[in-house]
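First the structure, in the form of C-alpha cells, and then the observations on it.
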Amino acid sequence: SKRSLSQEPQHFNETMSKAAVSRLKRENALREALNNDELSLHYQPQLHLISNELIGFEVLLRWHNPYLGEVAPDDFIPIAEENGLIIPIGEWVLRTACLQAKQWIDNGLHLDRIAVNVSIVQFALPDFPKMVQAILTETGLEPEVLELELTESVLMHQVDTAVHTFKQLKIIGVQLAIDDFGTGYSSLNYLKQFPIDRLKIDRSFTSAILSDTNDQAIADAVIAMAGRMNVQVTAEGVESIEQLQFLREAQCDAVQGFHICHPMKVVDAEQYLKALPNR
Ligand code: C2E
Ligand code: CA
Ligand code: CA
Ligand code: CA
342 SKRSLSQEPQ
352 HFNETMSKAA
362 VSRLKRENAL
372 REALNNDELS
382 LHYQPQLHLI
392 SNELIGFEVL
402 LRWHNPYLGE
412 VAPDDFIPIA
422 EENGLIIPIG
432 EWVLRTACLQ
442 AKQWIDNGLH
452 LDRIAVNVSI
462 VQFALPDFPK
472 MVQAILTETG
482 LEPEVLELEL
492 TESVLMHQVD
502 TAVHTFKQLK
512 IIGVQLAIDD
522 FGTGYSSLNY
532 LKQFPIDRLK
542 IDRSFTSAIL
552 SDTNDQAIAD
562 AVIAMAGRMN
572 VQVTAEGVES
582 IEQLQFLREA
592 QCDAVQGFHI
602 CHPMKVVDAE
612 QYLKALPNR
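For the UniProt record's numbering, count along the sequence shown from 1 and bump the result up by 341.
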C-alpha cells in the first residue's frame with residue numbers, strides 16, 4: 342500500500358542513522374574546525390638507529406572539538422579527503438609546521454627536519470608543488486628541512502603524473518618519503534622510477550617482526566633493497582626494545598615509535614629540543 346511504501350524508507354533511515362549522524366556531526370564540525378582554532382600539531386621524534394641522534398620530527402594533526410572531544414586523525418582525515426576539506430586543512434598543517442620549524446631554528450635549536458604527511462588528494466592537485474614552494478618562500482624555511490610523507494597509494498595512482506610531481510618537488514629541494522611502506526606490494530615495481538629519499542616501514546610490520554617470519558623477511562628485504570637504492574629506511578611503530586634490537590641487526594637507518602617517544606604537543610617538543618645535547 343501507499344502507507345507502507347512511504348514508511349519503509351523512514352524506518353531504513355532510522356536504523357542506518359547512528360553511524361551516519363555521528364559522521365555528519367563530525368563533518369559539520371570539521372567545516373568550522375580551522376576557523377575555530379580547534380586544530381593543532383603534535384611532533385614525534387625520529388631517531389637515527391646507530392647514533393641515537395634526532396633526525397627530525399614527524400608532524401601529526403590533532404583535532405579537539407568542544408562537543409566531540411578529541412577526534413583521531415583516522416576518524417576525520419578520510420572524511421576531509423572525501424569532501425575536499427583536506428585541501429585547506431593540509432595547507433594549514435604545512436604552513437604551521439614550516440613556521441614552527443623556522444621559529445625553532447631561528448631560536449638556535451637544532452632541528453634538521455620536519456616530516457609532514459600529505460594526502461593523495463593534496464598531492465593530486467596540479468598546483469601542489471607551487472603551493473609547497475609558496476609556503477617555503479613565505480616562511481623562509483630551507484627546503485631540505487622539509488620532508489613530505491606520501492603513502493604508497495600515491496605511487497600506483499597515475500604513475501607518470503606522480504613521477505613528474507616527485508621530480509618537481511625534488512627541484513624545489515624538499516625530501517620525499519614513502520609512508521606505510523609494505524602495505525601495497527605492487528608499488529615495488531614502480532619504486533625505482535621515483536626520486537625517493539626515505540621509506541617508512543609500516544607499523545604492522547614492525548609490530549610483527551618478532552613473531553612473524555614472513556614480516557621479518559619483508560622488513561629485511563625492504564631494508565636491503567633500500568640500501569641498494571640509496572634510500573633511507575625508518576621503521577615506524579617501534580614499541581619495544583626487542584623490536585629496536587631486531588631493527589638494529591637488520592641495519593635499519595632510523596626508528597620512530599612509542600618506545601622512543603610519543604607524539605608531543607608543541608611546548609613539550611620545544612623542551613625536547615632544548616634538552617638535546619649540543620652537537
Ligand atoms: P601515520 O602517518 O602512519 O602516522 C603514524 C601514526 O602512528 C600516528 O597516529 C602516531 O601517533 C602513531 N604512532 C606512532 N608511534 C606509534 C607506536 O609506537 N605505536 C602505535 N600503536 N602507534 C604509533 P595518528 O597521529 O593517530 O595519525 C594516524 C594517521 O593519520 C597518520 O598515520 C596519517 O596517515 C594521518 N595523519 C596524521 N596527521 C596528518 C596530517 O597532517 N595530514 C594527513 N594527510 N594525514 C595525517
Ligand atoms: Ca606518516
Ligand atoms: Ca606511517
Ligand atoms: Ca598509517
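Beta carbons: idealized from backbone N, C-alpha and C, even for Gly.
Spatially closest choice to residue i from the options, by CA coordinates
{"i": "Met566", "options": "Val515, Pro407 and Ile537", "result": "Ile537"}
{"i": "Leu371", "options": "Gly397, Asp416 and Ser358", "result": "Asp416"}
{"i": "Leu401", "options": "Gln385, Glu394, Lys533 and Val473", "result": "Gln385"}
{"i": "His600", "options": "Ala591, Lys615 and Glu583", "result": "Glu583"}
{"i": "Val490", "options": "Glu577, Glu590, Gln612 and Asn369", "result": "Checking the sequence shown, residue 490 turns out to be Glu, not Val. Glu490 has its Cα closest to that of Glu577, out of Glu577, Glu590, Gln612 and Asn369."}
{"i": "Arg367", "options": "Gly410, Glu394, Leu390 and His389", "result": "Gly410"}
{"i": "Asp453", "options": "Arg364, Leu395, Ser358 and Asp447", "result": "Leu395"}
{"i": "Asn424", "options": "Trp445, Arg364 and Asn393", "result": "Arg364"}
{"i": "Leu426", "options": "Asn369, Gly397 and Ala616", "result": "Asn369"}
{"i": "Tyr531", "options": "Arg544, Val495 and Leu617", "result": "Val495"}
Exposure label - residue i; buried when at least 16 CB within 10 Å
{"i": "Tyr408", "result": "exposed"}
{"i": "Lys541", "result": "buried"}
{"i": "Asn571", "result": "exposed"}
{"i": "Ala610", "result": "buried"}
{"i": "Leu551", "result": "exposed"}
{"i": "Ala361", "result": "exposed"}
{"i": "Ser460", "result": "buried"}
{"i": "Glu590", "result": "exposed"}
{"i": "Gly449", "result": "exposed"}
{"i": "Ala421", "result": "buried"}
{"i": "residue 648", "result": "Residue 648 cannot be examined here, being either before or after the span of the chain that is shown, 342 to 620."}
{"i": "Gln441", "result": "buried"}
{"i": "Ala374", "result": "buried"}
{"i": "Asn376", "result": "exposed"}
{"i": "Thr437", "result": "buried"}
Same chain, Cβ closer than 6 angstroms to residue i, neighbours up to 5 away in sequence not counted
{"i": "Lys443", "result": "Thr480, Gly481 and Leu482"}
{"i": "Cys439", "result": "Ile476, Thr480 and Leu482"}
{"i": "Gln534", "result": "Val504"}
{"i": "Asp556", "result": "Phe546, Ala549 and Ile550"}
Distance cut-off 7 angstroms: residue i Cβ against heavy atoms of ligand 3
{"i": "Glu488", "result": "no"}
{"i": "Glu493", "result": "no"}
{"i": "Asp556", "result": "no"}
{"i": "Asp521", "result": "yes"}
{"i": "Glu580", "result": "no"}
{"i": "Glu577", "result": "yes"}
Cβ-heavy atom distance, residue i to ligand 2, below 7 angstroms
{"i": "Glu422", "result": "no"}
{"i": "Asp543", "result": "no"}
{"i": "residue 302", "result": "Outside the displayed range of the chain (342 to 620) lies residue 302, so it cannot be described from this structure."}
{"i": "Asn376", "result": "no"}
{"i": "Asn571", "result": "no"}
Nonlocal neighbours in the same chain, by C-beta distance under 8 angstroms from residue i, ignoring five residues either side
{"i": "Val579", "result": "Thr547, Leu585, Leu588, Val596, Gln597, Gly598, Phe599, His600 and Ile601"}
{"i": "Glu432", "result": "Gln463, Met472 and Ile476"}
{"i": "Ala518", "result": "Ala456, Glu488, Leu489, Glu490, Leu491, Ile537, Asp538, Arg539, Leu540, Lys541 and Thr575"}
{"i": "His498", "result": "Ile461 and Ala465"}
{"i": "Pro604", "result": "His383, Tyr384, Gln385, Glu399 and Leu401"}
7 angstroms Cβ shell around residue i - same chain, five flanking residues per side excluded
{"i": "Pro470", "result": "Thr506, Gln509, Leu510 and Ile513"}
{"i": "Leu390", "result": "Leu588, Arg589, Cys593, Asp594, Ala595 and Val596"}
{"i": "Val563", "result": "Phe522, Gly523, Leu540, Ile542 and Val574"}
{"i": "Val412", "result": "Arg367, Trp404 and Asn406"}
{"i": "residue 651", "result": "Given that the chain is displayed from residue 342 to residue 620, the structure contains no residue 651 and the question cannot be resolved."}
{"i": "Ile559", "result": "Gly523 and Phe546"}
Residue i CB to nearest heavy atom of ligand 1 below 7 angstroms
{"i": "Val515", "result": "no"}
{"i": "Ser363", "result": "no"}
{"i": "Phe599", "result": "yes"}
{"i": "Gly410", "result": "no"}
{"i": "Gly431", "result": "yes"}
{"i": "Pro414", "result": "yes"}
{"i": "Leu401", "result": "yes"}
{"i": "Pro386", "result": "no"}
{"i": "Val434", "result": "yes"}
{"i": "Val574", "result": "no"}
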